[in-house]
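Some notes on the structure that comes next.
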Amino acid sequence: MVFEAGRIFALVGWPAVLLVAWLSGELAHRGLGVPRVCAYALVGIAGSTLTGAHVTGETAAALSFLANFALGLFLFELGHRINLRWLVTNPWILVSGIAESLLTFAVVRGIALAMGQPESIAMVLGALLVATSPAALMRVANDLRSSGQVTERALHLCAINCLLSVLLMKGAIGYWHLLASGSLQSAVWNSAAILAVSVGCGILVGFPLPWLLRRLRADERGVTTVFALAVMLVTLLTQGVNVSPLLAALTLGVLMRRNRLLLTPVQRNFGVLGDLLALFLFVYVAGMATWPTTAAGLALAVLLSLGRIVAKMTASAAFAHVSGTTTRKGALTGLALAPLSSFALLLLEYSRTAGFGLAEGGLAAIAGTVIVMELFGPLLSQWAFMLAGETQRGEHA
């Protein structure tokens with residue numbers, strides 16, 4: 114029998130790293146009170162050499178699908194928790210989310226330009242850093258059993274952040290197409306068509322589900338299974354037509370909430386499937402980023418992280434009173450929006466596969482910021498929820 118070391122590492126690399134990540138997450142959470150996802154990310158960064166070795170094109174495509182499917186589940190659940198009626202009743206929440214997103218874009222773009230980044234890369238960084246990681250925020254909130262004004266506002270603003278991040282990223286791509294082709298019509302059409310088709314895919318998959326589930330009178334497990342399969346279908350469909358699976362999954366969740374198909378507390382996180390995919394997602398995304406190798410790269414990462422958090426806290430606090438809360442809770446809401454990574458990196462990865470020429474440069478510039486916020490962002494969210502007094506940590510939380 115001949116043992117091939119490379120093949121063995123390729124086969125056992127991912128299961129071994131995921132097992133170590135799970136054990137590290139449990140030890141960090143139970144022993145130190147640190148969010149599990151911080152430990153997952155740390156193991157992902159450390160184990161990136163092992164998991165990235167001997168990855169073929171087919172394997173990379175499969176891993177990318179799993180990551181988009183995992184994030185799609187979080188985006189579906191996030192969309193499912195969005196109360197559109199609340200946004201209509203209190204439009205200042207929507208206004209504050211838009212203002213906070215635009216301020217974050219402006220601050221990040223300004224810092225990037227001041228640090229010597231080209232205008233095109235600065236726009237990409239600004240668009241990406243608007244986003245808040247729905248996976249990290251949802252995971253921290255669910256682990257802490259957090260509920261209350263800060264939690265609900267943070268989740269709604271996270272959805273607004275993700276939507277505007279996609280729009281701004283499409284704007285950056287349109288700007289790049291304009292520079293490349295010189296055709297404004299082509300640039301606008303390219304971005305608008307992708308957005309419309311992404312939303313349309315979510316509506317197409319979600320439209321028959323309410324009728325089907327009510328017809329079958331499915332129980333909780335059945336509904337959860339159907340929702341998970343719907344997210345898988347929308348991920349495959351959008352990847353097949355080369356549009357954004359992230360926006361489609363968010364649309365699907367909002368549509369299910371609109372049709373009053375509500376997830377019960379038992380179904381949150383999608384059970385064992387959701388736990389396993391969440392573990393994979395954080396390890397995979399952390400392995401995509403690399404630590405800055407120069408002092409300038411590290412300085413850019415730290416400044417972008419600080420500027421992003423300050424912008425979110427400032428805008429949320431500024432609109433706190435008019436939107437019906439205190440300045441303190443507004444600032445804590447902005448602090449809870451600190452997590453970054455999964456959404457931003459997968460959006461950038463999708464843009465790269467779609468032929469966006471600046472994706473490689475954007476990934477190099479954002480990598481350091483992703484690592485900083487991947488490690489510290491969930492911890493800041495946890496502090497925000499705890500300071501707001503909205504956590505209900507149980508013995509096995």
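With our numbering as the guide, the letters of the sequence shown map in order to residues 114 to 510.
Think of the CB as a built atom: it goes at the ideal place given N, C-alpha and C, for glycine as much as any other residue.
Close Cβ partners of residue i (< 8 Å) along its chain, the five nearest in sequence each way excluded
{"i": "A240", "result": "F218, S278, L281, M282, G284, A285"}
{"i": "L140", "result": "A152"}
Integer-rounded CB distance, given that residue j should sit under 8 Å from residue i
{"i": "I307", "j": "S357", "result": "7 Å"}
{"i": "R441", "j": "L242", "result": "At roughly 25 Å, the Cβ-Cβ gap does not stay under 8 Å, so R441 and L242 are not in contact."}
{"i": "E232", "j": "L238", "result": "Wrong, their Cβ atoms sit about 11 Å apart, outside the cutoff."}
{"i": "A430", "j": "A444", "result": "4 Å"}
{"i": "L365", "j": "V344", "result": "7 Å"}
{"i": "V312", "j": "A361", "result": "7 Å"}
{"i": "A399", "j": "G192", "result": "Actually they are not in contact, since the Cβ atoms of A399 and G192 sit about 25 Å apart, beyond 8 Å."}
Alpha-carbon spacing of residue i relative to residue j, whole angstroms
{"i": "C271", "j": "T245", "result": "6 Å"}
{"i": "Y153", "j": "L417", "result": "23 Å"}
{"i": "N196", "j": "R370", "result": "8 Å"}
{"i": "G287", "j": "L488", "result": "32 Å"}
{"i": "A412", "j": "K425", "result": "20 Å"}
{"i": "L368", "j": "V483", "result": "31 Å"}
{"i": "I479", "j": "L326", "result": "42 Å"}
{"i": "V125", "j": "V423", "result": "42 Å"}
{"i": "E333", "j": "W205", "result": "35 Å"}
{"i": "H142", "j": "V385", "result": "18 Å"}
{"i": "S209", "j": "L459", "result": "26 Å"}
{"i": "A309", "j": "A159", "result": "39 Å"}
{"i": "T348", "j": "V318", "result": "10 Å"}
Contact set for residue i: own chain, Cβ-Cβ below 7 Å, skip 5 residues either direction
{"i": "A212", "result": "A428, F432"}
{"i": "F383", "result": "L186, T337, A341"}
{"i": "T264", "result": "A254, F498, E503"}
{"i": "A501", "result": "G261, V263, K442, L445"}
{"i": "P491", "result": "P148, V150, C151, A249, V253, P452"}
{"i": "A183", "result": "L390, A391, F393, L394"}
{"i": "Q495", "result": "P148, V253, L257"}
{"i": "G387", "result": "L186"}
Reduced DSSP category for residue i - H, G, I as helix; E, B as strand; rest coil
{"i": "T504", "result": "coil"}
{"i": "L281", "result": "helix"}
{"i": "W127", "result": "helix"}
{"i": "M426", "result": "helix"}
{"i": "P358", "result": "helix"}
{"i": "M401", "result": "helix"}
{"i": "F432", "result": "coil"}
{"i": "S494", "result": "helix"}
{"i": "A341", "result": "helix"}
{"i": "D332", "result": "coil"}
{"i": "P378", "result": "Caution applies to P378, whose pLDDT of 48 falls short of 50 and renders its modelled position unreliable; the value that the coordinates give is listed next. Looking at P378 - three-state DSSP - the assignment turns out to be helix."}
{"i": "T440", "result": "helix"}
{"i": "G160", "result": "coil"}
{"i": "M236", "result": "helix"}
{"i": "F320", "result": "coil"}
{"i": "A451", "result": "coil"}
Option in the options with minimal Cα separation from residue i
{"i": "L131", "options": "L390, R330, L250", "result": "L390"}
{"i": "S455", "options": "S161, F498, A497, F393", "result": "F393"}
{"i": "V201", "options": "A444, S436, M486", "result": "S436"}
{"i": "N181", "options": "A457, N274, R194, A501", "result": "A457"}
{"i": "P148", "options": "A173, V310, M236, A248", "result": "A248"}
{"i": "G146", "options": "V423, L346, R266, L257", "result": "L257"}
{"i": "G353", "options": "R334, L493, T172, C314", "result": "C314"}
{"i": "R198", "options": "G157, V396, L207", "result": "L207"}
{"i": "E190", "options": "W324, V415, T172, L268", "result": "L268"}
{"i": "L176", "options": "P323, Y397, M486", "result": "Y397"}
{"i": "L448", "options": "H434, A408, L493", "result": "L493"}
{"i": "N203", "options": "L461, H434, Q505, G481", "result": "H434"}
{"i": "L276", "options": "A129, L349, S214", "result": "S214"}
Sequence-distant residues of its chain with Cβ nearer than 6 Å to residue i (five each side left out)
{"i": "P378", "result": "Note that P378 has pLDDT 48, beneath the 50 cutoff, so the model's placement of it is unreliable and no number is given."}
{"i": "V485", "result": "A414, S418"}
{"i": "V220", "result": "G420, A424"}
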